[in-house]
Structure formats: structure tokens, C-alpha cells
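J.:
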Amino acid sequence: MRSESTVLYSAPAGTARRVTLRELRGRDELAVEGVDTRAAVALLERLLDAAEPALRAGSLAATERDALLAALYRQLWGDHIVSTLTCPACQLRYDLSFSLRELQSHLAAGRDPQGSATRVPTADEEIAAAAHGARDGVAALAAAIGIPAALIETASAELEANAPIIDLELAAPCSECGAVQYAHFDLQSFLLQRLLGERQLLLSEIHRLASSYGWSLREILTLPRSTRRALVEAGEGSVRASEWGATQWGRQ
Ligand SMILES: [Zn+2]
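Residue 108 in the working numbering sits at position 106 of the sequence shown; the count goes up by one each step and never skips.
#1: Taking the alpha carbon of E171 as the point to measure from, which residue in A130, A110 and L105 has its own alpha carbon closest?
#2: With the cut-off set at 8 Å, would you say V34 and L198 are in Cβ contact?
#3: Report buried or exposed for R227, applying the criterion of at least 16 other Cβ atoms within 10 angstroms of its Cβ.
#4: If you measure from the CB of A2, is any heavy atom of ligand 1 nearer than 7 Å?
#5: In terms of residue numbering, what span does the beta strand (DSSP E) encompassing D169 cover?
#6: DSSP puts R230 in a beta bridge; with which residues?
#7: Count the other CB atoms within 10 Å of the CB of P123; is the residue buried (16 or more) or exposed (fewer)?
#8: Can you list, in chain order, the residues of its chain with a C-beta nearer than 7 Å to that of R20? Leave out the 5 residues immediately preceding and following it.
#9: Kindly indicate which residue of V182, G60 and A165 has the alpha-carbon position closest to the one of P90.
#10: In chain order, what residues of the same chain have a beta carbon less than 7 Å from the beta carbon of A42, not counting five sequence neighbours either side?
#11: Tell me which same chain residues have a C-beta within less than 6 Å of the C-beta of R58, skipping the five on either side of it?
#12: Name the DSSP beta bridge partners of R19, please?
#13: Measure the Cβ-Cβ separation of L295 and G28 and say whether it is below 8 Å.
#14: Helix, strand or coil: how does DSSP classify I2 here?
#15: Between G252 and C179, what straight-line distance do the alpha-carbon atoms span, to the nearest angstrom?
#16: When you compare only the Cα positions, how much space is there between I167 and G135?
#17: Please find out if some non-hydrogen atom of ligand 1 comes closer than 7 Å to the beta-carbon of L94.
#18: Grab me the residues of Q254's own chain with a C-beta within less than 7 Å of its C-beta, minus the 5 sequence neighbours each way, in chain order.
#19: Which whole runs of the alpha helix (DSSP H) in the stretch 134 to 209 are 4 residues long or more, in chain order?
#20: Where does S218 sit, in a helix, a strand or coil, going by DSSP?
#21: Excluding sequence positions up to five away, which residues of its chain have a Cβ less than 6 Å from the Cβ of A151?
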């Protein structure tokens, strides 16, 4: 279980905090309900709780949330990201793969999130603005970060340049015919979607542990994810060993 710490630079500018997310437990995984900012904030809020009682995920700037999500992704599945695409030219399927860490350094190169005249909105501000609808939300977001609504486009271009988040178009040349297509990659929804995609696996792990050990749902959901996985694997190992033993026995 690798947990990396992430340095966050919240206002006042220049104040750095080193934050480590605690490991996911089944109940955190089951609580994920969507792939939007609200769902990402709810998940980070749970994982920040113990270590940083004063730090709220909703008060983090989008760039800081992104950095924590990248650390969480690595904790769960490692640094390597693979996404399968279909080539629009030759219709064959191929993999787009890249290192999350390299993508982060590429995005951060030469940029200074603190150097932007515009403040990066927090998740609370983004969620509140989104509740106003597509058009009024822009004005609400502009008001929240203290700029005139007419300047929001300039401000968001400035933020994109100085404080980019991992939500971008990646050039993905086809491995068969070389045709280039652009694939949208958004770390926040990619991570949450992957957790949602594991829901069935999680339920089957819960079922196996409940059957093997007679533990309650509550007890199983409290286990750290790596411990739960290791116990399920150990159980599978012993099933294979007993099947193997039975086979050997049958042959005698
Ligand atoms: Zn192709």
C-alpha cells in the first residue's frame, strides 16, 4: 500500500501543507455516487478526515483537488493509465497509455499557480455556481472569485495557462495506421468511473469474506482496501489448494 503525500498551496499564497490521504475502505468505495466535482469532493473529504481535521475538500482549489486525485489514483492503481480507443480511420482498437506523473510534470512545466492574477475557484464555489445553471453560473463564479462577469473568459484562459488541471485533449495516434485522433482525458471522472466500475467486484469480495469468516457487512466495509483484497486472494489460494488436494486424492 503506497500512500504519497501531496503538497497543497492554499491561500494565503505561499503557505504550503503536506497532506496524505488515508487508504480507501469499502464504505468509502460504496459511497461514490457519481463522476462529478461533488462526488470527487465527497470522496476526498472522507479520506482527509482523520489526518487533517481542519482541511475541507470543498475549500480546495481545483488544482489542489486534482493533485490529490492524482495521488489517490496512484495509490489505487499505480501511475500508468491505459485507455482503449477505436481508430476513426481504420476502425481498429488500440491503447492510449501514458504516465500520470509525466502528464502532471508536462502540465506544470513553466507554470506558476500562485503567479496568476485570477484566483483558482474552490470546489464549493464551483458547485454553488453550477447550481445557478449554465448561463448564470458563469456570473456566479465570477462574483465568487471577485472579477467582473465580462472578464470570465479571459480569467479562465489565464487559469488554464497558469493553473491547468488534468482535463485535456490528448493526441492519440493509431498504433496501426498512424491516424491521429484527440482523446478527452479528465482525471476526476476517469478515477471516479473506474471506482464505480469496480462496484461489482467489491460486492463479490464482500460476499466472499462474509461467507468465509462470518463477518458482518459493517466489519468488512471497515477493512482497508488492500487488506480486503489480500484476504480475498488468500481465500482463493486456499480454495485452489484444497481443489488441488481433492484432485490428487481422487487420482490415488
Ligand atoms: Zn487506425
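The beta-carbon is built from N, C-alpha and C at its ideal position, and this holds for glycine as well.
T.: Result, derived from the coordinates:
#1: Start at 1 with the first residue of the sequence shown, and residue 171 comes out as number 169. Ranking the options by Cα distance to E171, first place goes to L105.
#2: Working through the sequence shown from its first residue, we reach residue 34 at position 32. Working through the sequence shown from its first residue, we reach residue 198 at position 196. Going by C-beta atoms, V34 is nearer than 8 Å to L198.
#3: As a position in the sequence shown, residue 227 is number 225, starting the count at 1. Buried is the label assigned to R227, since at least 16 other Cβ atoms lie within 10 Å of its Cβ.
#4: Because the chain here runs from 3 to 254, residue 2 falls outside it and cannot be looked at.
#5: Locating residue 169 in the sequence shown gives position 167, counting from the first residue. Element bounds for D169: D169 to P175.
#6: Along the sequence shown, one-based indexing puts residue 230 at 228. According to DSSP, R230 bridges with nothing at all.
#7: Translated into the one-based positions of the sequence shown, residue 123 becomes position 121. Around the Cβ of P123, a 10 Å sphere holds 16 or more other Cβ atoms; the residue is buried.
#8: Residue mapping note: residue 20 aligns to position 18 of the sequence shown, counting from 1. Taking R20 as the centre and dropping the five residues before and after it, the same chain places the C-beta of S7 and V9 closer than 7 Å to its C-beta, in chain order.
#9: The count along the sequence shown starts at 1 and reaches residue 90 at position 88. Its Cα nearest to that of P90, the residue V182 stands out among V182, G60 and A165.
#10: As a working note, residue 42 is residue 40 in the sequence shown. Excluding residues within five positions, the ones whose Cβ falls inside 7 Å are R67, L71, Q190 and L194.
#11: The count along the sequence shown starts at 1 and reaches residue 58 at position 56. Hits under 6 Å: none found.
#12: Taking the first residue of the sequence shown as 1, we reach residue 19 at position 17. DSSP, once it has assigned bridges, lists L10 as partnering R19.
#13: Lying before the first or after the last residue shown, residue 295 is absent from the chain, which here runs from 3 to 254.
#14: Nothing about residue 2 can be read from this structure; the chain reaches only from 3 to 254.
#15: Counted from its first residue, the sequence shown places residue 252 at position 250. Counted from its first residue, the sequence shown places residue 179 at position 177. Confidence at G252 is low in this model, with a pLDDT of 45, below 50, so its placement is unreliable and no value can be given for it.
#16: Taking the sequence shown and counting its residues from 1, the one referred to as residue 167 is at position 165. Taking the sequence shown and counting its residues from 1, the one referred to as residue 135 is at position 133. In a straight line, the C-alpha of I167 is about 22 Å away from that of G135.
#17: Position 92 of the sequence shown, counted from the start, is the residue given in the question as residue 94. Shortest gap from the CB of L94 to any heavy atom of ligand 1: under 7 Å.
#18: Position 252 of the sequence shown holds residue 254. Because the pLDDT at Q254 is just 38, under 50, the model does not fix this residue reliably, and the value given afterwards should be weighed accordingly. So the list is empty, once near-sequence residues are dropped.
#19: Counting only runs of 4 or more, we get 136 to 146, 154 to 164 and 189 to 199.
#20: Here residue 218 refers to the residue found at position 216 of the sequence shown. It is coil, neither helix nor strand.
#21: Counting from 1 along the sequence shown, the entry for residue 151 is found at position 149. These residues qualify, in order along the chain: A141 and A144.
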